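**Student:** At position 278 of the sequence shown (counting the first as 1) the number is 277 in numbering that gives the first Met the number 0, and the numbers step up by one without a gap.
Beta carbons are placed, not taken as given, at the ideal position from N, Cα and C, and that holds for glycine.
Every value quoted in this text rests on a predicted model; they were computed, and no experiment measured them.
My structure is below; once you've seen it, I'll send some questions.
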Amino acid sequence: MGKWKYKKKSKMFTYRQRTEVDLSKPTYGNMEQKNNSICYLCGNAMISEEFYLSHKEEFKETPCFLHDEHIIQNALHGKLKSNSILCKSCGTILGDDIDSQFVSLFAPFIERLKKLLIRKDHGSKNIVTLKGHLYKNEELNEKIDVQIREGKVSPIEPYYEVDESEGKVTIYANDKRAKQYKPVVQEEIKSKGANPDFFEFKSKTDIQDEGILGYFFTEGVPNFNEIFKKGFVKIAVDFAAHCGISRENMPQVLEIDSTTQIGKLKYKNCCFPFISIGAIDTIIELNRPDIEDLYPTHTIILFNQKTESRNLLYCYIDLLSTFQYYVLLNPNYKGEDIHEVFHQTIIKQEIPEIDVKRIRPKHLSIVIQEYNIDMTKYKGESLSDLYDFIEKEIKNYQVTPSLNFQDELKRMFNKISLPMALQVGGKDIPNTEEIISSINYKIPDSQKRSVIFEYYDYVEDENNFNYQLFRKIFYENDGDGGVEVMSSPVECNSPTIIDEYRKQYCHMKFNQLNNFIINKEKEDKLDSE
């Protein structure tokens, strides 16, 4: 399963001591907006449209208006919005030029997940028609072009089968096309010397059980890569601007005209896929649907990384826990060190019912932690007061799509820690094979030392899990008995990685999400029977 690992590494970012990371300003989902209301595209100051309309006489010309911009697109059920990164006009332009095409690429996933998804902030619940192939056999050498609407699979071109022994004709098409097609079939039967009146006609509108269904993703989109890249670049620039990065500090993705000060997004030499290279990253990604409680999620991480010669500003974007890309914003960043995270689920959460009075006092701390109860608000004195307080807080508890990334990542590490520990140093412990195999990955002997060092740096401070290492670095064997710290973005963009390795990893992630959806569809079908 680890066949996309490789040996040769860039030496731009290698050292043997543990990295020291500033954890003084952790940020999760509810980050503060740090921007001064300048549109990053046109460069103009923005004001509210309401203020303009009530003070119109004070303006010689119409100014640029503030507007809410979804940083991860609303159609992807993104929840982070900023009202001071793009003016209303520029937001509309980029929405038409980039967002509308970008989000349409994800329809095969969003449409199939829609029963499980959180509500969008706005927009109608239009029924989306998807396209794909229905393969007649496992060799995938015979296929039918199909469309999928509301879970029903019908052929784009109707066809029919005649069972002469049973005297039956089956027309495969949606209801409307089947009615239109029946006279054509009757004429064809008549032309072959048979009497169509002797046959029983029936139509089959859902042919999903007639073969293996495959949904279109890149197929039929001639400029897929261009649309894909543009969408990720826009998310990265939106998020960086939201976090206070000036337009002048994003030269790799934003070209500013020196005369007009109007900006233009750039897409060359800036966007490249993440691929798991280190053992811990690989274990996490191979097991993501099983170890991430609210899979699939969206994640954005903005950070700078200093190498021996440069200070690079990156934005890491992970959509649906599947589509994972780095965007290089500035190869020579001179601003303050930054590390900002936004993390959310797109899956609806149910609040579990709990009878607090039946919880033992020694277990109340678990309930308090699980429901994020703020104990500074507790003013009671007795155990009875404490139970009443916790019960009241649980009744007022509301779930939110925004998640604490530090906590969520720590939960994933907790789930892989025992299998990793047993592989690294527990080979003499009997009856552990099932636990070890649960992570679907055998740690090479050459990497066991680096796994220990990397894991230790994440968990060294038990009160402050070091989530800031994630997607910035990984550890590798240095060939001399020690370990070296490698830059994740530098290595992911290294020319030593051949395209075949990237394809294998991306296909694994794609199939992971697709299998998750298929299993949910099966569960839904069983529940409805």
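What are the boundary residues of the alpha helix (DSSP H) that F101 is part of?
**Tutor:** Counting from one through the sequence shown, the residue named residue 101 turns up at place 102. Residues S99 to S103.
**Student:** Does D526 pass the burial test, meaning 16 or more other C-beta atoms within 10 Å, or should it be called exposed?
**Tutor:** Residue numbering aside, residue 526 sits at position 527 when the sequence shown is read from its first letter. Exposed, since its Cβ has fewer than 16 Cβ neighbours within 10 Å.
**Student:** What are the complete alpha helix (DSSP H) segments, minimum 4 residues, inside the stretch 470 to 513?
**Tutor:** With a minimum length of 4 residues, the continuous alpha helix (DSSP H) runs that stay inside the stretch 470 to 513 are 487 to 491.
**Student:** Grab me the residues of H69's own chain with a C-beta within less than 6 Å of its C-beta, minus the 5 sequence neighbours each way, in chain order.
**Tutor:** Counting from 1 along the sequence shown, the entry for residue 69 is found at position 70. Taken in chain order, the residues that qualify are G77 and K80.
**Student:** Go ahead and label R357 buried or exposed: buried means 16 or more other beta carbons lie within 10 angstroms of its beta carbon, across all protein chains shown.
**Tutor:** Translated into positions along the sequence shown, residue 357 becomes position 358. So R357 counts as exposed.
**Student:** Give every residue of the same chain whose Cβ lies closer than 6 Å to the Cβ of T298, excluding the five residues on either side of it in the sequence, and list them in chain order.
**Tutor:** Residue numbering aside, residue 298 sits at position 299 when the sequence shown is read from its first letter. Taken in chain order, the residues that qualify are D317 and H342.
**Student:** Report yes if the C-beta distance between S577 and L65 is below 8 Å; otherwise report no.
**Tutor:** Absent from the structure is residue 577, since the part of the chain shown begins at 0 and ends at 528.
**Student:** Beta strand (DSSP E) containing F413: first to last residue?
**Tutor:** Working through the sequence shown from its first residue, we reach residue 413 at position 414. According to the sequence displayed, residue 413 carries Asn and not Phe. Counting along the chain, N413 falls outside any beta strand (DSSP E), though it belongs to the alpha helix (DSSP H) covering F404 to G424.
**Student:** Give the straight-line distance between the Cα atoms of Y158 and H121, rounded to the nearest whole angstrom.
**Tutor:** Stepping through the sequence shown from its first residue, residue 158 is reached at position 159. Stepping through the sequence shown from its first residue, residue 121 is reached at position 122. Cα to Cα, Y158 sits roughly 40 Å from H121.
**Student:** Pairing CB atoms from the stretch 326 to 346 with CB atoms from the stretch 112 to 119, are three or more of them under 8 Å?
**Tutor:** The stretch 326 to 346, when compared against the stretch 112 to 119, does touch it at the 8 Å Cβ threshold.
**Student:** Go through the stretch 276 to 313 residue by residue and report every complete run of the beta strand (DSSP E) that reaches 3 residues or more, in order.
**Tutor:** Entirely contained in the stretch 276 to 313, the beta strand (DSSP E) runs reaching 3 residues are, in chain order, 296 to 305.
**Student:** Applying the 10 Å Cβ sphere with the 16-neighbour rule, what's the burial state of R470?
**Tutor:** What you label residue 470 is simply residue 471 of the sequence shown in a count that begins at 1. Buried.
**Student:** So E369 is in the beta strand (DSSP E); what residue range does that whole segment cover?
**Tutor:** Taking the sequence shown and counting its residues from 1, one reaches residue 369 at position 370. First-last for E369: L363 to E369, but that is the alpha helix (DSSP H), not the beta strand (DSSP E).
**Student:** From the DSSP output, in three-state form, read off T375 for me.
**Tutor:** Looking up residue 375 in the sequence shown gives position 376. T375: helix per DSSP, three-state reduction.
**Student:** In chain order, what residues of the same chain have a beta carbon less than 6 Å from the beta carbon of F223, not counting five sequence neighbours either side?
**Tutor:** For this step, residue 223 is matched to residue 224 along the sequence shown. Hits under 6 Å: T217.
**Student:** Taking the CB atoms as reference points, tell me whether I84 and H241 lie closer together than 8 Å.
**Tutor:** Counting from 1 along the sequence shown, the entry for residue 84 is found at position 85. Counting from 1 along the sequence shown, the entry for residue 241 is found at position 242. Cβ atoms of I84 and H241: closer than 8 Å.
**Student:** How far does the alpha helix (DSSP H) with H76 in it extend, from its first residue to its last?
**Tutor:** Indexing the sequence shown from 1 puts residue 76 at position 77. Here H76 belongs to no alpha helix (DSSP H), and DSSP marks it neither H nor E.
**Student:** Tell me whether the beta-carbon of Y474 lies closer than 8 Å to the beta-carbon of V458.
**Tutor:** Walking along the sequence shown from the start, residue 474 turns up at place 475. Walking along the sequence shown from the start, residue 458 turns up at place 459. No, these two residues do not count as a Cβ contact at 8 Å.
**Student:** At the level of alpha carbons, what is the spacing between V102 and K267?
**Tutor:** Within the sequence shown, the letter at position 103 stands for residue 102. Within the sequence shown, the letter at position 268 stands for residue 267. Cα to Cα, the separation comes out at about 21 Å.
**Student:** Counting Cβ pairs, one atom from each stretch, are 3 or more of them under 8 Å apart for the stretch 415 to 427 and the stretch 375 to 388?
**Tutor:** In short, these stretches do not touch, since the Cβ pair count stays below three.
**Student:** Quickly, what does DSSP pair V458 with across the bridge? List them, please.
**Tutor:** Start at 1 with the first residue of the sequence shown, and residue 458 comes out as number 459. In DSSP, V458 forms no bridge with anything.
**Student:** Can you check whether the CB of K181 is closer than 8 Å to the CB of F200?
**Tutor:** Mapped onto the sequence shown, residue 200 falls at position 201. Mapped onto the sequence shown, residue 181 falls at position 182. The answer is yes: Cβ separation under 8 Å.
**Student:** Which of helix, strand or coil does DSSP assign to F223?
**Tutor:** Stepping through the sequence shown from its first residue, residue 223 is reached at position 224. Note: F223 maps to helix in three-state DSSP.
**Student:** Cβ of N286 within 8 Å of Cβ of N514?
**Tutor:** Locating residue 286 in the sequence shown gives position 287, counting from the first residue. Locating residue 514 in the sequence shown gives position 515, counting from the first residue. No; because the gap between Cβ atoms is not below 8 Å, this pair is not in contact.
**Student:** Out of curiosity, what's the CA-to-CA distance linking K191 and S99?
**Tutor:** Translated into the one-based positions of the sequence shown, residue 191 becomes position 192. Translated into the one-based positions of the sequence shown, residue 99 becomes position 100. When rounded, the distance between both Cα atoms is 50 Å.
**Student:** Can you round the beta-carbon distance between I442 and M419 to whole angstroms, since I take them to be within the 8 Å contact cut?
**Tutor:** The residue given as residue 442 occupies position 443 in the sequence shown. The residue given as residue 419 occupies position 420 in the sequence shown. With a Cβ gap of about 7 Å, I442 and M419 count as contacting.
**Student:** Counting contacts by CB-CB distance shorter than 8 Å, is C505 in contact with chain C?
**Tutor:** The structure shown has no chain C; it contains just one protein chain.
**Student:** Which word fits K24, buried or exposed, when buried means at least 16 other C-beta atoms lie within 10 angstroms of its C-beta?
**Tutor:** Position 25 of the sequence shown holds residue 24. Note that K24 scores 36 on pLDDT, short of 50, meaning its location in the model is unreliable and no value can be drawn from it.
**Student:** I'd like the span of the beta strand (DSSP E) that includes Y214, first residue to last.
**Tutor:** Along the sequence shown, one-based indexing puts residue 214 at 215. Taken as a continuous stretch (DSSP letters only), the beta strand (DSSP E) holding Y214 covers I211 to Y214.
**Student:** Find the nearest neighbour of Y313 within the set C491, F452 and D406, judged by alpha-carbon distance.
**Tutor:** For the purposes of this step, residue 313 is taken as residue 314 along the sequence shown, with counting starting at 1. Closest by alpha carbon: C491.
**Student:** For the beta strand (DSSP E) holding I170, just list the boundary residues, first then last.
**Tutor:** Working through the sequence shown from its first residue, we reach residue 170 at position 171. Its beta strand (DSSP E) spans residues K167 to Y171.
**Student:** Determine the direct distance from the alpha carbon of S153 to that of I143, and round the result to whole angstroms.
**Tutor:** Numbered from its first residue, the sequence shown carries residue 143 at position 144. Numbered from its first residue, the sequence shown carries residue 153 at position 154. Going from the Cα of I143 to the Cα of S153 covers about 10 Å.
**Student:** Return the chain-ordered list of same chain residues with a C-beta closer than 7 Å to the C-beta of A239, the five sequence neighbours on each side being excluded.
**Tutor:** Along the sequence shown, one-based indexing puts residue 239 at 240. M249, L301, C314 and L328, listed in sequence order.
**Student:** Please report how far the alpha carbon of N465 lies from the alpha carbon of N140, in whole angstroms.
**Tutor:** Residue numbering aside, residue 465 sits at position 466 when the sequence shown is read from its first letter. Residue numbering aside, residue 140 sits at position 141 when the sequence shown is read from its first letter. Looking at the two C-alpha atoms, the distance is approximately 49 Å.
**Student:** Compute the Euclidean distance between the alpha carbons of P62 and Y51, then round it to the nearest angstrom.
**Tutor:** Locating residue 62 in the sequence shown gives position 63, where the first residue counts as 1. Locating residue 51 in the sequence shown gives position 52, where the first residue counts as 1. Their Cα atoms are separated by approximately 8 Å.
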